[in-house]
Amino acid sequence: MKKTANEFYVEIFTPADFNFTECLVHLGRSPQENLFHLKDGRVTKLLELEGQLVLFRIVPANGALRIEFPLGTPSVKRQELAAAYVREWFDLSTDLSGFYVMAETDPVLSEVVQRYYGLRVIGIPDLFEALVWAVMGQQINLTFAYTLKKRFVEQYGEHVVYERDHYWAFPSPEIIAELPVADLRALQLTGRKAEYIIGIASAMAEGHLQKERLLQEPDMEQALLKIRGIGAWSANYVMMKCLRSQSAFPLADVGLHNALKAQLKIDRKPSLAEITELAKNWEGWQAYATFYLWRSLL
574 MKKTANEFYV
584 EIFTPADFNF
594 TECLVHLGRS
604 PQENLFHLKD
614 GRVTKLLELE
624 GQLVLFRIVP
634 ANGALRIEFP
644 LGTPSVKRQE
654 LAAAYVREWF
664 DLSTDLSGFY
674 VMAETDPVLS
684 EVVQRYYGLR
694 VIGIPDLFEA
704 LVWAVMGQQI
714 NLTFAYTLKK
724 RFVEQYGEHV
734 VYERDHYWAF
744 PSPEIIAELP
754 VADLRALQLT
764 GRKAEYIIGI
774 ASAMAEGHLQ
784 KERLLQEPDM
794 EQALLKIRGI
804 GAWSANYVMM
814 KCLRSQSAFP
824 LADVGLHNAL
834 KAQLKIDRKP
844 SLAEITELAK
854 NWEGWQAYAT
864 FYLWRSLL
């Protein structure tokens, strides 16, 4: 822990190939995002850490990210948890050298990787948030998915006010587990999606569904597919963004198809068989290949 003139902060070092500015492009893709604020190249976010709401701000420094606490210095344990969250959020522990070597000569990836070099897969470290977001995003466009999330967070999440801005924390599974389906339908979620989200919340609140257990599963995809409401796309999305499986591959993703169409300069979306063939060279790095292709659409 270090101290500026006015406040304490934690500093975490970043890999040489990390590009915070590129990561901000992804974070800024929707004006409806309400789980963090972007301003002047900084990210400010609210989390519940050990039962306490902690507001922190991420500031780029020379070869590091500085984590400041504008509402007061939390306990050392909570500072460590905030730092761990940031490391996972920006995937700072992954060595990307193998990905870059592969992509350098890949006919699909070479251009996008050169253009967005230093981008990391921006994750969703909280399993409940990742699962809810995956369910919300099923079979609708991204704009409406963000609208649903904004309503959900502001209806059931906690918040703090700092310098006249509202900062929201994602709702807890314990809160959502107690809701009737009608309450979520009032947000314009379908009845099925409302049932899925409440079911997931109940499983997590009761301890039946845990991130730590999923990480120990020999086949994470099959474990996720057992959850009501989670299909192949959602399972691979959660594996990619939360469980950090570099082999996760949402094969049927519409954004992936559109990005490949543009990169291949063809007048149609590639078939699933064609995508599978293209991805053979990406083995072990399908998640990063997908994320870089998504970035090309912004």
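Residues 574 to 871 in the working numbering are what the sequence shown lists, from first letter to last. Cβ atoms here follow ideal geometry from the backbone N, Cα and C, with glycine treated the same way.
Quiz item: Looking at C-alpha atoms only, which residue of Gln783, Leu788 and Leu721 is the closest neighbour of Asp756?
Solution: Leu721
Quiz item: Who are the Cβ neighbours of Lys834 in its own chain at under 6 Å, not counting the five residues just before and after it?
Solution: Lys842
Quiz item: From Glu702 to Phe743, what does the alpha carbon distance come to, in whole angstroms?
Solution: 7 Å
Exercise. Can you check the segment 619-667 for any alpha helix (DSSP H) of at least 4 residues that lies completely inside it and give the ranges in chain order?
Key: 649-662
Practice problem: Could you work out which residue in Val627, Glu847, Val708 and Pro633 is closest to Asp613 when comparing CA atoms only? | Solution: Pro633
Self-check item: Reference Val827; option with closest CA among Ala776, Val694, Gly696 and Ser807
Solution: Ser807
Self-check item: Proximity below 8 Å, CB of Ala759 to CB of Ser775
Solution: no
Exercise. Mind the definition here: the segment 811-819 touches the segment 777-793 only if three or more C-beta pairs lie below 8 Å; say whether that holds.
Key: yes
Quiz item: Opposite Lys853 in the DSSP bridges: which residues?
Solution: Answer by DSSP bridge pairing: none, since Lys853 is not bridged.
Self-check item: Opposing strand residues paired with Arg615 [DSSP bridges]
Solution: Lys612
Quiz item: Nearest to Pro698 by CA position, among Pro647, Val659 and Leu692, is which residue?
Solution: Val659
Exercise. Report all residues from its chain with a CB closer than 7 Å to the CB of Ala796; omit the five preceding and five following residues, and keep chain order.
Key: Leu787 and Glu790
Practice problem: State yes or no: is the C-beta of Thr594 within less than 8 Å of the C-beta of Gly636? | Solution: no
Practice problem: Give me the Cα-Cα distance between Gln859 and Phe672, rounded to the nearest whole angstrom. | Solution: 9 Å
Quiz item: When the Cα atoms are used, what is the spatial distance from Ile773 to Thr763?
Solution: 15 Å
Practice problem: Say whether the segment 596-615 touches the segment 672-682, bearing in mind that this needs 3 or more beta-carbon pairs closer than 8 Å, one atom from each stretch. | Solution: no
Quiz item: Distance, Cα to Cα, Leu622 vs Ile839?
Solution: 48 Å
Quiz item: Across which residues does DSSP place Val734 in a beta bridge pair?
Solution: His739
Quiz item: Going along the chain, which residues of its own chain have a beta-carbon closer than 7 Å to the beta-carbon of Asn592, five neighbours each way excluded?
Solution: Tyr690, Gly691 and Leu692
Quiz item: With burial defined as no fewer than 16 other Cβ atoms inside 10 Å of the residue's Cβ, what is the status of Phe717: buried or exposed?
Solution: exposed
Practice problem: Kindly list the residues whose CB is nearer than 7 Å to the CB of Ala676, restricted to its own chain and excluding five residues on each side of it in sequence; keep chain order. | Solution: Leu682, Ser683 and Val686
Exercise. Work out the CA separation of Arg602 and Leu665 for me, nearest whole Å.
Key: 21 Å
Quiz item: Among Arg765, Pro746, Val705 and Leu752, which residue has its Cα nearest to the Cα of His781?
Solution: Pro746
Quiz item: Should Ala578 be labelled buried (16 or more other beta-carbon atoms within 10 Å of its own) or exposed?
Solution: Residue confidence for Ala578 is low, a pLDDT of 44 falling below 50, so the modelled location carries little weight and cannot support an answer.
Quiz item: Should Leu752 be counted as a contact of the ligand NAD given a C-beta to heavy atom distance under 7 Å?
Solution: Inclusion of the ligand NAD in the displayed structure is not the case, the ligand content being empty and no account of it being possible.
Practice problem: Would you mind sorting Gln761 into buried or exposed? The rule is 16 or more other CB atoms within 10 Å of its CB. | Solution: exposed
Exercise. Give the straight-line distance between the Cα atoms of Tyr810 and Val583, rounded to the nearest whole angstrom.
Key: 30 Å
Practice problem: Can you grab the Cα-Cα spacing for the pair Leu866 / Met812, in whole Å? | Solution: 17 Å
Practice problem: Determine the extent of the alpha helix (DSSP H) in which Tyr689 is found, giving its start and end residues. | Solution: Careful: Tyr689 lies outside any alpha helix (DSSP H) and carries neither H nor E.
Quiz prompt | 8 Å Cβ cutoff met for Leu628 and Tyr729 | solution = no
Quiz item: Taking the alpha carbon of Gln605 as the point to measure from, which residue in Lys723, Phe581 and Leu638 has its own alpha carbon closest?
Solution: Lys723
Exercise. Could you give the DSSP three-state label for His781: helix, strand or coil?
Key: coil
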